[in-house]
Amino acid sequence: MLRYATPEDRDEVLRWRNHPQVRRASLTTHVIEPAEHAAWWDAVALDPLRHVLVFEWRGRPSGVVMFDGRRSAERGVIWGFYLDVDGLTGRGELLPAWLELEREAVDFAFDTLGVDRLGGETLAWNTPVLQLHRRFGFTATRRYECVIDGEPQEVVWTELAAADRRGPRGTERSAAHAHHQDR
């Protein structure tokens, strides 16, 4: 289940973001200090074009999804996510939670936010994320280089148009179908 983040979620979201695996797969890899995170959190809370949602898996907060529509005219809505790696791994639930988070995020973007295109950046070496996006119908539309920690890294931009939306097994999905699935 996705729900809008509350002020009570702020510290837990920071803990998830600072996990070494999450930082390694991010475009910014430094440990985010509480003051930096608080400033970002406050700015997002005031911006109607940005949304932070907490993903709950089996009744526990287990990840976060962010949508940024500030550049929607040129690139569609940009999204990103990360999970509670330690908590989900410890319970043996990382993969099923990850699949569900992606399904719910795609549904939310198209069915609730009403976006036309959803796109995001993934480091090229992160093949599990790229494969998951592909399963949900995302297409790699361009590649470019970004310097991260002084080293050039290849970034893959993937996007999904509302008309091309599919479920995780390649089946076409419609808004009506999404609303009638078991949640």
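Residues 1 to 183 in UniProt numbering are what the sequence shown lists, from first letter to last.
Note that CB positions come from ideal geometry on N, CA and C, so glycine has one too.
Between which two residues does the beta strand (DSSP E) holding residue i run?
| i | result |
| --- | --- |
| Gly-119 | 117-123 |
| Gly-80 | 77-83 |
| Ala-97 | Counting along the chain, Ala-97 falls outside any beta strand (DSSP E), though it belongs to the alpha helix (DSSP H) covering 94-107. |
Can you find the residues in the same chain that come closer than 6 Å, C-beta to C-beta, to residue i, ignoring five residues on each side of it along the sequence?
| i | result |
| --- | --- |
| His-19 | Val-85 |
| residue 186 | This structure cannot settle anything about residue 186, because the visible part of the chain is limited to 1 through 183. |
| Thr-122 | Val-129, Leu-130, Val-156 |
| Glu-104 | Leu-2 |
| Val-44 | Arg-50, Val-52 |
Taking only three categories from DSSP, how would you classify residue i?
| i | result |
| --- | --- |
| Pro-61 | strand |
| His-51 | strand |
| Val-44 | helix |
| Phe-138 | coil |
| Arg-165 | coil |
| Thr-112 | helix |
| Thr-158 | strand |
| Val-31 | coil |
| Arg-23 | helix |
| Asp-11 | helix |
Near residue i, what residues of its chain come up, given a Cβ to Cβ distance below 7 Å and the 5 sequence neighbours on each side ignored?
| i | result |
| --- | --- |
| Pro-152 | Glu-145 |
| Glu-159 | Gly-76, Arg-117, Leu-118, Gly-119, Phe-138, Thr-139, Thr-141 |
| Ile-32 | Leu-14, Arg-17, Asn-18 |
| Ala-109 | Phe-67, Val-77, Trp-79, Val-115, Leu-118 |
| Glu-100 | Trp-57 |
| Asp-9 | Val-54, Pro-61 |
| Asp-164 | Gly-137 |
With DSSP as the reference, please indicate the residues paired to residue i in a beta bridge.
| i | result |
| --- | --- |
| Arg-17 | Answer is none; Arg-17 lacks a bridge partner. |
| Leu-2 | Phe-55 |
| Asp-149 | Paired residue(s): none; Asp-149 is not in a bridge. |
| Arg-143 | Val-156 |
| Asp-68 | Arg-50, Ile-78 |
To which residues of the same chain is residue i closer than 8 Å at the C-beta, ignoring the five residues directly before and after it?
| i | result |
| --- | --- |
| Tyr-4 | His-51, Val-52, Leu-53, Val-54 |
| Leu-49 | Asp-68, Gly-69, Arg-70, Ser-72 |
| Ala-162 | Phe-110, Val-115, Asp-116, Arg-117 |
| Phe-81 | Phe-55, Gly-63, Val-64, Val-65, Met-66, Leu-101, Glu-102, Ala-105 |
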